[in-house]
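Going line by line, the protein sequences match chains R and Z.
Using the working numbering, read the first sequence as starting at 1228 and increasing by one per residue.
Using the working numbering, read the second sequence as starting at 1228 and increasing by one per residue.
All C-beta atoms, glycine included, are put in the ideal place defined by N, C-alpha and C.
To keep things clear, I will list the structure first and then write my remarks on it.
Number of protein chains: 2
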Amino acid sequence: MKVKVLILPRKGLLDPEGRAVKEMLLENGFSVRDVRVGKLVELEVEEDTDVKAIAERFLVNPLVEEYIIE
Amino acid sequence: MKVKVLILPRKGLLDPEGRAVKEMLLENGFSVRDVRVGKLVELEVEEDTDVKAIAERFLVNPLVEEYIIE
């Protein structure tokens, strides 16, 4: 099965890429309120794989990032 | 509203980070078949914002990336 781990910088934390994208979109006439840029990891694994363990041990830094599994 | 743009390198294209994550997971006993590492952009925009236009004009390189909007 394919599973996606969606990783974003925590709200309020430094996200220079998100800020840059936001400013660039505003300059181009799109009214965006907020932008966060994070990471997407798509895993192709067996049904019984503990994706939460993979995410928490290897992919996500909980100090500065939050994640969801889809 | 919040919208996510999920961006992944096209299948078969160079994805050194995905390969590195795959190898590291295999070394740690997780049987993964494939890993792709891409980008996640979360936008907070008005209801009528053309997120497809934003994605295609500013966020995605269609030569090497594919994307979905959620």
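Pair within 8 angstroms by beta-carbon distance, residue i and residue j
i: Leu1267 (chain R); j: Val1259 (chain R); result: no
i: Lys1229 (chain Z); j: Glu1269 (chain Z); result: yes
i: Ala1282 (chain R); j: Val1232 (chain R); result: yes
i: Pro1222 (chain Z); j: Glu1292 (chain Z); result: Residue 1222 (chain Z) is absent from the model: chain Z starts at 1228 and stops at 1297.
i: Gly1265 (chain Z); j: Ile1295 (chain Z); result: no
i: Phe1257 (chain Z); j: Thr1276 (chain R); result: yes
CB contact check: residue i to chain Z, cutoff 8 angstroms
i: Ile1205 (chain R); result: Nothing about residue 1205 (chain R) can be read from this structure; chain R reaches only from 1228 to 1297.
i: Gly1239 (chain R); result: no
i: Glu1269 (chain R); result: yes
i: Glu1273 (chain R); result: yes
i: Val1259 (chain R); result: yes
i: Lys1266 (chain R); result: yes
i: Met1290 (chain R); result: Contrary to the premise, residue 1290 (chain R) reads as Leu rather than Met in this sequence. Chain Z, which has no Cβ nearer than 8 angstroms to the Cβ of Leu1290 (chain R), makes this no.
i: Val1287 (chain R); result: no
Endpoints, the beta strand (DSSP E) within which residue i is located
i: Pro1236 (chain R); result: 1229-1236
i: Val1278 (chain R); result: Looking at the DSSP string, Val1278 (chain R) is not in any beta strand (DSSP E); the run it does join, the alpha helix (DSSP H), is 1278-1281.
i: Val1268 (chain Z); result: 1259-1272
i: Glu1292 (chain Z); result: 1292-1296
Contact with chain R by residue i, beta-carbon distance below 8 angstroms
i: Lys1231 (chain Z); result: yes
i: Val1248 (chain Z); result: yes
i: Gly1256 (chain Z); result: no
i: Leu1253 (chain Z); result: no
Residue i - containing alpha helix (DSSP H), residue span
i: Val1248 (chain R); result: 1243-1254
Candidates the options, of which the one nearest residue i by Cα
i: Val1246 (chain Z); options: R:Ile1295, R:Pro1289, R:Glu1271, R:Thr1276; result: Reading the sequence as shown, one finds Arg at residue 1246 (chain Z) and not Val. Out of R:Ile1295, R:Pro1289, R:Glu1271, R:Thr1276, R:Glu1271 has the C-alpha closest to the C-alpha of Arg1246 (chain Z).
i: Val1262 (chain R); options: R:Val1278, R:Lys1249, R:Asn1255; result: R:Lys1249
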